[in-house]
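Report on the following structure.
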Amino acid sequence: MYINSTRKLSIFNGFCRKATVAFLDDILIIEKAAEIHADLKRRGRPIQDADILIAATAIVRGLVLVSNDSDMLRVSELALENWLQGE
């Protein structure tokens, strides 16, 4: 379990220094998440709350979400790419 933990921690820290973190501190993201949740519930096609927040963040920030999660296809406004499709 702890094999190479120092090396793994170093690799993870390197990743974190390069990655951009998107915070959920924007009311527009929360409002968009509420809209998505209501729409999916109304259509009887709910998805997990975390997925809704991820989708809302991508929509509000104008980002393309790269995911292999088929549940994300239910979010109509989402710009979605699946890099594993066709393999």
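Count along the sequence shown starting at 1, add 107, and that's the number in the numbering used here.
Positions of the beta carbon are idealized from the N, C-alpha and C atoms, including for glycine.
The beta carbons of L131 and L160 sit closer together than 9 Å. Check the Cα spacing between R152 and each of E138, V182, A162: the tightest is with V182. Between V167 and the set I143, I110, G121, K139, the nearest pair of CA atoms involves K139.
In this structure, the CA atom of Q192 is about 19 Å from the CA atom of A162.
Looking at the backbone, the Cα of K125 and that of F119 are separated by about 10 Å.
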